């Protein structure tokens, strides 16, 4: 495991005294700057003048280098910024974090900024590396598949891909630069998965705001601003989600895609971190314990299953039906069979619920009532039947178009 002298944890900073609710402040955190548009990656060097940076490390996969390496190098050199490219090898693990740090420390001159270009695991790795080196991090997501880019946390996995830990950081990224031209070229599955992750933001934030014991990810009370952003996130998806899917299928950038990318990335990123998470993401982390699910399904696809279960658990049936219908229209899973499980997989489901209750206990407690593993299991099984009914009504064409 990579060593940090004192890992940062936000809860002791904001949750001064859990015994006195008056001492828990409302806190909003966000990236310093958010920049989104078609072709913005070509101007990265100019944006780095905000930091400012003179020598930047770029963490990017081999495939990403083939796609964007030349334009990145040109943009940085035009801005008179020296750069060193480091290949990301695929997993956000302590081993990968240490490897990249060793590469950068072996450079003749130190870097003063780290740019992470890629998917969720690449950007989370970049945040962890920048924290250890004491330099600002700039996030350039190549996918809109989750809300990681704007947050001040990373999800760390073992070398074999199993969940290992969360890492929190004192500050959010200095810049988040989202090139929607790149997003439009990615497989549509990633955008759709991002909608599953983003949709949960509003319903989890709503629960945290309404529950007296609700806390955000950083241990504070949710702000009205974060909750409003989270609600806007869901409304944007409902209004533009289907059209955004069509835009990516046609590799076009339009207003619908711009709106959904902002919802998936900025609105969801600020909304979940400052608004709070609860059962939907707890079940999601439990699902990562099932190897076949973790290896074959994206984070947002698992969140979709968790969110419908959360709404059933909360007896918000109208919302559960609305969300499940939307998920069916864009191609997200709405029942267990669509992620390779079934109610008959009792031992696996028991493992999922146990993991959800142990790894994510502080977030489960954001619900206004006490929950145990059996209650979670019952909700998942009920939502499975609920999802089957929605599928029978609307069909599964969108899901099959993505998953075959």
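In this note's numbering, the protein residues as written are 492 to 895. Glycine included, C-beta positions come from ideal geometry on N, C-alpha and C. Note that this is a predicted model, so its numbers are computed, not measured.
- Query: Can you name, in chain order, every residue of its own chain whose Cβ lies under 6 Å from the Cβ of residue 710, other than the five neighbours on each side?
  - Reply: Closer than 6 Å at Cβ, skipping near neighbours: 501, 502, 505 and 506.
- Item | Residue environment, residue 579, which counts as buried when at least 16 other CB atoms sit within 10 Å | With 16 or more Cβ atoms within 10 Å of its Cβ, residue 579 is classed as buried.
- Task: Can you say whether residue 886 is buried or exposed, counting buried as having 16 or more other CB atoms within 10 angstroms of its CB?
- Result: Label assigned to residue 886: exposed.
- Query: Residue ranges of each beta strand (DSSP E) run of no fewer than 3 residues wholly in the stretch 537-589, ordered along the chain?
  - Reply: Every beta strand (DSSP E) of 3 residues or more that sits fully in the stretch 537-589 is shown, in chain order, as 546-552 and 573-579.
- Item | Member of 893, 810 and 762 whose CA lies at the smallest distance from the CA of residue 822 | Measuring C-alpha to C-alpha distances from residue 822 to each of 893, 810 and 762 identifies 893 as the nearest.
- Do residue 538 and residue 744 have their C-beta atoms within less than 8 Å of each other? Between residue 538 and residue 744, the gap from beta carbon to beta carbon reaches 8 Å or more.
- So what's residue 496 in DSSP terms, helix, strand or just coil? Its pLDDT being 47, under 50, residue 496 is placed unreliably by the model, and nothing is read from it.
- Item | Stretch-stretch touch, CB-based, cutoff 8 Å, three pairs: the stretch 832-847 with the stretch 785-792 | Because the criterion of three Cβ pairs below 8 Å is not met, the stretch 832-847 and the stretch 785-792 do not touch.
- Item | Distance between residue 784 and residue 778 (C-alpha atoms, nearest Å) | Each residue's Cα considered, the two are about 7 Å apart.
- Query: Under three-state DSSP, which class holds residue 881?
  - Reply: Looking at residue 881 - three-state DSSP - the assignment turns out to be helix.
- Grouping DSSP H, G and I as helix and E and B as strand, with all else coil, what is residue 518? Note: residue 518 maps to coil in three-state DSSP.
- Query: Can residue 603 and residue 544 be called in contact, C-beta distance under 8 Å?
  - Reply: Yes.
- Query: Can you list, in chain order, the residues of its chain whose CB lies under 6 Å from that of residue 872, leaving out five sequence neighbours each side?
  - Reply: Result list for residue 872: 834, in chain order.
- Looking only at DSSP bridge pairs, what is residue 528 linked to? According to DSSP, residue 528 bridges with 670.
- Query: Taking C-alpha atoms, which residue in 856, 824, 542 and 524 lies nearest to residue 685?
  - Reply: Nearest to residue 685 by alpha-carbon distance, out of 856, 824, 542 and 524, is 824.
- When the Cα of residue 583 is compared with those of 575, 653 and 643, which residue comes out closest? Checking every option, the nearest Cα to that of residue 583 belongs to 653.
- Message: Within 8 Å, do at least three Cβ pairs link the stretch 681-695 to the stretch 765-772?
- Response: Yes: at least three Cβ pairs fall under 8 Å.
- Query: Between which two residues does the alpha helix (DSSP H) carrying residue 791 extend?
  - Reply: Looking at the DSSP string, the run of the alpha helix (DSSP H) that includes residue 791 is 790-804.
- Item | Limits of the beta strand (DSSP E) - the one that residue 648 falls within | Annotation for residue 648: the continuous beta strand (DSSP E) segment containing it runs 644-648.
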